[in-house]
Amino acid sequence: MNGGLDVVLSNSRGPQTLADLVEELGPRARAATPAEAGSAAGDWVIVTVPFKAFDSVPREPLAGKTVKNTSNYSPRRDGRVEALENGSTTSSERLQQYLGESAYVVKAFNNIHHAHLAVLHRPAGAEVRGLLAKA
Ligand SMILES: NC(=O)c1ccc[n+]([C@@H]2O[C@H](COP(=O)([O-])OP(=O)(O)OC[C@H]3O[C@@H](n4cnc5c(N)ncnc54)[C@H](OP(=O)(O)O)[C@@H]3O)[C@@H](O)[C@H]2O)c1
């Protein structure tokens, strides 16, 4: 399910490990390294890695792009980060600082389980539709 969009996927282990998923998604999907995926991305890039992996996101390819950050900080997974615990910053602010001002970071899709993205979509005009807030 890629919603009729061209998508370029990446992970930490290399494009070859995404072959099954690419096949499942069909001809409009392909896999690449994170740097290649960032460069190939058109209008927007989705960064959907654990907070602790932000500093391995390639910076240069994301310059000038809208970057959607799905991350939810989890101290058990990411290690305790005092500035996030005390509310003086957010994961999106951290990603924005890391990427620099030329990228435009927005929070998105962090409040929906990934499996629901594929099954809860409704066409425009449907009586019941979900709403995903972004900030
Ligand atoms: N799962 C959900 O439904 C959901 C919902 C809302 C928000 N979130 C948030 O979204 C983020 C990702 O969640 P997830 O459940 O997808 O986590 P996950 O299952 O741990 O998957 C993380 C993905 O990021 C990749 N990755 C990790 N480090 C990377 C790096 N340095 N460079 C490139 N790719 C890297 C991993 O690739 P490898 O497998 O190759 O290491 C994996 O594909 C988290 O912050 C989570 O809190 C998740």
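So for the sequence shown, the numbering used here puts the first residue at 11; every next one is plus one.
Note that CB positions come from ideal geometry on N, CA and C, so glycine has one too.
Exercise. Of the residues Leu28, His131, Ala73, which one's Cα is nearest the Cα of Tyr114?
Worked result: Ala73
For this session: State the start and end residues of the unbroken alpha helix (DSSP H) segment that holds Val91.
Result: Where Val91 is concerned, there is no enclosing alpha helix (DSSP H), given that its DSSP letter is neither H nor E.
Exercise. Hey, would you say the C-beta of Val59 is under 7 Å away from at least one heavy atom of ligand 1?
Worked result: yes
Exercise. Comparing the CB of Leu124 with every heavy atom of ligand 1, is any distance shorter than 7 Å?
Worked result: A small fix is needed here, since residue 124 is His in this sequence, not Leu. Result yes, Cβ under 7 Å from ligand 1.
For this session: Give me the Cα-Cα distance between Ser49 and Gln107, rounded to the nearest whole angstrom.
Result: Their Cα atoms are separated by approximately 20 Å.
For this session: List the endpoints of the continuous beta strand (DSSP E) containing Ala41.
Result: Per DSSP, Ala41 belongs to the beta strand (DSSP E) from 39-41.
Exercise. Between the beta-carbon of Ala45 and the beta-carbon of Val18, is there less than 8 Å?
Worked result: no
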